[in-house]
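Here's the structure, in structure tokens; my notes come after.
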Amino acid sequence: MKTSTSEGKHGIQWTSRMRLDDLDFADDLALLSQTQQQMQVKTTSVTAASAAIGLNIHKGKSKVLRYNTACTNPITIDGKHLEDVKTFTYLGSIIDEHRGSDRDVKARIGKARATYLQLRNIWNSKQLSLNTKVRSFNTDVKTVLLYGAEAWRTTKAIIQKIQVFINSCLRKILEIRWPDAISNNVLWERTNQIPVEEEIMKKRWKWIGHTLRRAPNCVTRQALTWNSQGQRRRGRPKNTLRREMEIDMRKMNKNWMELEKKALNRVGWRMLVGGLCYIVSNRRK
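Per our numbering, numbering through the sequence shown is continuous, rising by one, with the last residue being 336.
See below:
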């Protein structure tokens, strides 16, 4: 694979000395290139290298996603055009042309709702305790809902959508229906929950700590500080994972160098993340 993707040096600029040509996981392969011509050369090379060892690329499952380009020339495999898409699913998460999280969050809520409905016998059971039902909700529903949340580009609208879904499920589990009503704080207290904003923040910084303990040449670690090339469109800058991290760092009064050192101490890192969530909780109150 390295031979077929890196000889032409057609990847994206990753570090001052390195280009990133592809991302591989099991039999899923994502090719990265700056231009259509480079992508066609790389696709043809990978196809030939795969055929040489008896592997065939599924043309129907292969998609092309274009970022900030007016070029519409097709990418082909053996003369067959690959489908251009605005969004596709890669390793369980939805990637779209706007590099946002809205579609992924919408899909996550849909999957979590389906899981919740499949477990209606548990929620309606008179034999199971509330504690058991809530634990089942956390394990089976929220795990599906928050898959990949550590890398989401969150906004107030996204947080609200997720929180509304969680609150709705919990109220049904507690059998609280209109016209009965309780506040969200009482709901969370009775079900031992924390606001989803804090939960996503904890997941994000737990993952960041794990990533910072990786080797400096690890692609995942390099991605935390990678700066993409090109110019953004006019208008207000969109919220990004990097900006989310910078906001949290200001709350912690820490810089990146300090965090890299702190991450080496797992106990100290957990205390740091706990302190951040405590600050956010107090500000909300």
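The C-beta atom is built at its ideal place from N, Cα and C for all residues, glycine as well.
Can you check DSSP and say which residues form a bridge with residue 114? For this step, residue 114 is matched to residue 63 along the sequence shown. Answer by DSSP bridge pairing, in chain order: 134.
Could you say which of 141, 292, 206 and 118 lies nearest to residue 63 if we only look at CA atoms? For the purposes of this step, residue 63 is taken as residue 12 along the sequence shown, with counting starting at 1. Comparing Cα positions, the closest option is 118.
From this set, 255, 224 and 160, which residue's C-alpha is nearest residue 176's C-alpha? In the sequence shown, the residue the question calls residue 176 occupies position 125. Of 255, 224 and 160, the residue nearest in Cα terms is 224.
Quick check on the burial criterion: 16 or more other C-beta atoms within 10 angstroms. Buried or exposed for residue 314? Along the sequence shown, one-based indexing puts residue 314 at 263. Buried, by the Cβ-count rule.
Inter-residue spacing [alpha-carbon to alpha-carbon] between residue 83 and residue 114: Stepping through the sequence shown from its first residue, residue 83 is reached at position 32. Stepping through the sequence shown from its first residue, residue 114 is reached at position 63. Their Cα atoms are separated by approximately 12 angstroms.
Reference residue 327; option with closest CA among 305, 217, 87 and 74: Along the sequence shown, one-based indexing puts residue 327 at 276. Cα-wise, what sits closest to residue 327 is 305.
Beta strand (DSSP E) runs contained entirely in the region 131 to 197, provided each spans 3 or more residues: 138 to 141 and 144 to 147
Going by alpha carbons, who is nearest to residue 70 out of 127, 324, 277 and 202? Indexing the sequence shown from 1 puts residue 70 at position 19. Cα-wise, what sits closest to residue 70 is 277.
Would you mind reading off the limits of the beta strand (DSSP E) that contains residue 231? Indexing the sequence shown from 1 puts residue 231 at position 180. Run containing residue 231: none; DSSP gives neither H nor E here.
What separation, rounded to the nearest whole angstrom, lies between the Cα atoms of residue 203 and residue 293? Sequence index remark: in the sequence shown, residue 203 carries index 152 (1-based). Sequence index remark: in the sequence shown, residue 293 carries index 242 (1-based). Distance between the alpha carbons of residue 203 and residue 293 is about 11 angstroms.
Where does residue 103 sit, in a helix, a strand or coil, going by DSSP? Within the sequence shown, the letter at position 52 stands for residue 103. Reduced to three states, the DSSP call for residue 103 is helix.
Name the residue from 251, 261, 214 and 256 whose alpha carbon lies nearest to the alpha carbon of residue 239. For this step, residue 239 is matched to residue 188 along the sequence shown. It is 214.
Assign residue 64 to one of three DSSP states: helix, strand, or coil. The count along the sequence shown starts at 1 and reaches residue 64 at position 13. Strand, per DSSP.
Going along the chain, which residues of its own chain have a beta-carbon closer than 7 angstroms to the beta-carbon of residue 247, five neighbours each way excluded? Sequence index remark: in the sequence shown, residue 247 carries index 196 (1-based). Cβ within range, chain order: 210, 213, 214 and 217.
Suppose only complete runs of 4+ residues qualify. What are the alpha helix (DSSP H) ranges in the region 195 to 273, listed by chain order? 207 to 224, 235 to 241 and 247 to 263
Would residue 81 and residue 141 qualify as a contact pair, given that the criterion is a beta-carbon distance under 9 angstroms? Here residue 81 refers to the residue found at position 30 of the sequence shown. Here residue 141 refers to the residue found at position 90 of the sequence shown. Cβ atoms of residue 81 and residue 141: closer than 9 angstroms.
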